[in-house]
Structures are given as structure tokens and as C-alpha cells.
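Just so you know, the protein sequences line up as chains U and B, in that order. Here the first sequence is numbered in the working numbering, starting from 1 and rising by one per residue. Here the second sequence is numbered in the working numbering, starting from 30 and rising by one per residue. Cβ coordinates follow ideal geometry from the N, Cα and C atoms, glycine included.
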Amino acid sequence: NGDLPIARKKSLQRFLDKRRERLTCASPY
Amino acid sequence: PSVSLLNQETLQQRLQALIEGARENWTYAIFWQSSYDYSGTAVLGWGDGYYKGEEDKGKGKLKASSSTAAEQEHRKKVLRELNSLISGSTSPTDDAVDEEVTDTEWFFLVSMTQSFVNGGGLPGQAFFNSSPVWVAGSDRLATSICERARQGQVFGLQTMVCIPSANGVVELGSTELITQSSDLMNKVRVLFNFNN
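As C-alpha cells, then:
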């Protein structure tokens, strides 16, 4: 549901952003 | 209140500094915040977490998960739903979300839903006894009386550590075998001594 406590919401947002960064990390080319 | 607010805001930086500044390869760090529920029972709940991931061996890919195809589908589905919840978007295409969710990523995510009451679990034990708990080795994790330690082992952790601080517990986990270090415990005491 949408009732996510703020601390968890922030942590989750950060986790998803970092995961996206890691996975789309530029290749050596 | 202003002091605790400031500390809450810097929690992420403290966790990051702890992991990125360590000689050892820690996979994640979590701060379990102590509070009391409506009945006055002491509870350790999610404060914040920093996920670093496993050591990248230079291949630019995350470590593959040992989970089954069905389990991966389940993880991706949950991640998609969480992503929609956070972004407010229902976009079906997000390559990052659809990538394989590793065991340690999943363990970290599941941790966000957990809490520990009355000295329960590894964090509760450390907080209740005001004493660090350091469990190194798959065998020791697998045979621990704490479910969280056994769960950590199932998801590929080899080391789990819980260090009590002024108003919570700092937990670190690694897929590598890391022996007890007083240096790390001192760092936690300095970084997480919220009363100072």
C-alpha cells in the first residue's frame, strides 16, 4: 500500500536510484 | 528535537562513511533505531541503510543470484511494485528494475520490513546486552539461534555484525569472511554516538 513510513521510503528511493546507477554504469567503451 | 533531526539527516552519510572507509568489503550497513511501541515495549526498527553490494570483480556486473527462476520473477515483481510506489509511475519498462535481483539486494530489501522486540534477533541481542555481536563464517550463521543470522547465511552472507550505539544498533553484513576488528567498532562508536 502507499502508507510507507518516511524513513523506509527514503531508503528505498535511494536503493532503487543506486541500483539503477550501478546497472546502467558506463561500459569501458 | 533539532539535534535528533540533524542526526537523522546525516545517518546515511555516517553509514556510507563507515562502509566506504573500511578496509574490509562490507556488503551493506543498516542502522536499527530504538523506540517504544504503544504498549511501552522496546522496538528496534529500520532507521536507514546503505547498500554497497558485493565486490565487483571488474566485470561490471552484479553477482548472479542463486535463486530459482520463479523466485527471481517474484523479486522483480516486488521491485516493480515498489518502484511504482516510490516514483508514482506505472511505467512497465524500467530495465534496472527488470534486472536480476541478487540475494544480498533481496536480503537488504526484506530487512526494511523487519523489526526486533525485547532483545530478539541479532540487533536486539546486541542492544539488549549493550555488547557487540560478531558472527563470522557460514556455519556459525547457519547454526545461530537468531533467525536473521540464518536468513543472512541463506542469502550468501558470511559475516554479520551488530554493534550497539546510543539509540540503536549498527548492523553490517558481508559475503566475505571478516574477522573481528576493534577498528570498526571504534568507528561505529565515534560515528554513531548521537549524544556527543
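Item, Value
"Could you check if B:Gly-87 is buried or exposed, using at least 16 other CB atoms within 10 Å of its CB as the buried criterion?", "Caution applies to B:Gly-87, whose pLDDT of 47 falls short of 50 and renders its modelled position unreliable; the model cannot decide the point."
"DSSP three-state call for B:Gln-62: helix, strand or coil?", "strand"
"Quick check: the Cα distance between U:Cys-58 and B:Ile-115, rounded to an integer number of angstroms?", "Not covered by the structure: residue 58 of chain U. The range shown for chain U is 1 to 29."
"Among the residues of its own chain, which have a CB less than 8 Å from the CB of B:Glu-49, if the five just before and after it don't count?", "Lys-81"
"Are there 16 or more other CB atoms within 10 angstroms of the CB of B:Leu-213, so buried, or fewer, so exposed?", "buried"
"Any idea which residues DSSP pairs B:Gly-150 with across the strands?", "Its beta-bridge partners do not exist; DSSP assigns none."
"With DSSP as the reference, label B:Glu-84 as helix, strand or coil.", "coil"
"Could you please tell me which residues of the region 194 to 225 of chain B, in chain order, have their CB closer than 9 Å to any CB of chain U?", "none"
"Indicate whether at least one CB of chain U lies closer than 8 Å to the CB of B:Ile-115.", "yes"
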